[in-house]
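Trainee: Here it is, the structure, as structure tokens.
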Amino acid sequence: MAAKKGKKGQSPVATLINGAGFLVAVILVLHAVFVLVDIPSAAGLESSVAQAAGPLALFFPGLVDAPGHVVQVLLDFGLAACFWLLLAALLSRVFG
391 MAAKKGKKGQ SPVATLINGA GFLVAVILVL HAVFVLVDIP SAAGLESSVA
441 QAAGPLALFF PGLVDAPGHV VQVLLDFGLA ACFWLLLAAL LSRVFG
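And the structure:
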């Protein structure tokens, strides 16, 4: 029996995978933005996002050496966000 497809032709599993990948990417980008605008780490939201972003960045922090702190943060968490978006797209294609 075929799975029901949504309005875009995706199964609910594929939609869930895409949503999870997007959520992880948003957490990583939010952490990068918080670091770049120097929000104090005592703030509740910033510390929660930082705790969540650390493990989600996987092996990307320090993978590429950059000349400045701003570029380093953008590379570390930007590459991790792109990785999660690509992985979610691939998995949703497989399961969709």
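Mapped onto our numbering, the consecutive letters of the sequence shown carry residue numbers 391 to 486. The C-beta atom is built at its ideal place from N, Cα and C for all residues, glycine as well. Computed from a predicted model, the values in this text were never measured in an experiment.
For L469 versus V454, is the C-beta distance shorter than 9 Å?
Mentor: As a first step, residue 469 is located in the sequence shown; it is residue number 79 there, counting from the start. As a first step, residue 454 is located in the sequence shown; it is residue number 64 there, counting from the start. Taking 9 Å as the Cβ cut-off, L469 and V454 qualify as a contacting pair.
Trainee: What does a CB cutoff of less than 7 Å around A471 pick up in its chain, not counting 5 residues either side in sequence?
Mentor: As a position in the sequence shown, residue 471 is number 81, starting the count at 1. Around A471: A415, L418 and V419.
Trainee: Near F450, which residues of its chain fall below 6 Å by C-beta distance, leaving aside the five closest residues on each side in sequence?
Mentor: Looking up residue 450 in the sequence shown gives position 60. Closer than 6 Å at the Cβ level, and outside the excluded window around F450, lie D466, L469 and A470.
Trainee: If you reduce the DSSP assignment to three classes, tell me which class V439 lands in.
Mentor: As a position in the sequence shown, residue 439 is number 49, starting the count at 1. Note: V439 maps to helix in three-state DSSP.
Trainee: Does M391 come out as helix, strand or coil in the three-state DSSP assignment?
Mentor: Numbered from 1 along the sequence shown, position 1 holds the residue referred to as residue 391. Confidence at M391 is low in this model, with a pLDDT of 45, below 50, so the placement of that residue should be treated as unreliable; the coordinate-derived value is given next. The answer is coil: DSSP assigns M391 none of H, G, I, E or B.
Trainee: Looking only at its own chain, which residues have a Cβ that is under 6 Å from the Cβ of F412, when we skip the five neighbours before and after it?
Mentor: Sequence index remark: in the sequence shown, residue 412 carries index 22 (1-based). Hits under 6 Å: none found.
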